[in-house]
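Read through the structure below, which is laid out as structure tokens, and then see the notes.
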Amino acid sequence: QVQLVESGGGVVQPGGSLRLSCATSERTFHNYNIKWLRQAPGKDRDIVAGITWSGDTYYADSVKGRFTISREDAKNTVHLQMNNLNADDTAVYYCSAGGSLSSPGQYWGQGTQVTVSS
Numbered sequence: 002q003v004q005l006v007e008s009g010g011g012v013v014q015p016g017g018s019l020r021l022s023c024a025t026s027e028r029t030f031h032n033y034n035i036k037w038l039r040q041a042p043g044k045d046r047d048i049v050a051g052i053t054w055s056g057d058t059y060y061a062d063s064v065k066g067r068f069t070i071s072r073e074d075a076k077n078t079v080h081l082q083m084n085n086l087n088a089d090d091t092a093v094y095y096c097s098a099g100g101s102l103s104s105p106g107q108y109w110g111q112g113t114q115v116t117v118s119s
């Protein structure tokens, strides 16, 4: 069982930035594709960014050019740098491990709230 812990959420003004982190103690973390998903109230949980074990990345159209996903395998951590945030980015953000970049993984964190508000 891979346990994932997200951090870095909070309240930010429109145009601001946040950096989310997803950490684990799992020693084989470097073998996993990692995704960030988000779920806003009343909406589906959607993949916003993903990174393969080899470093290939995927971004949803809604975040391209604003979000950057990266991984630090030596620290068993994946980051999501979010810039130029707007109200539509308000959601609970989850990291997920396993599976392809286009599908949710088998393992999930508990989520971290991101609120963009003036």
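In our numbering, the protein residues as written are 2 to 119. Using N, Cα and C, we set each Cβ at its ideal position, and we do this for glycine too.
Phenylalanine 68 is bridged by DSSP to Met83.
Here the alpha carbons of valine 64 and arginine 46 stand approximately 15 Å from one another.
Of all alpha-carbon atoms in Asp74, Arg39, Gln114, Leu81, the one lying nearest the alpha-carbon of serine 55 is that of Asp74.
Rounded to the nearest whole angstrom, the CA to CA distance from isoleucine 52 to threonine 25 is 16 Å. Judged by their CB atoms, tyrosine 94 and valine 115 are nearer to each other than the 7 Å cut-off. Per DSSP, the unbroken beta strand (DSSP E) holding threonine 113 starts and ends at 113-117. Annotated as proximal: leucine 21 and glycine 9, with beta-carbon spacing under 7 Å. Counting along the chain, glutamine 40 sits inside the beta strand (DSSP E) bounded by residues 35-40. Taking a contact as a CB-CB distance under 8 Å, the pair serine 119 and glutamine 14 counts as one, their CB atoms being some 5 Å apart. Per DSSP, serine 18 lies in no beta strand (DSSP E) segment and is marked neither H nor E.
In this structure, DSSP gives aspartate 89 a helical state, which the three-state scheme calls helix.
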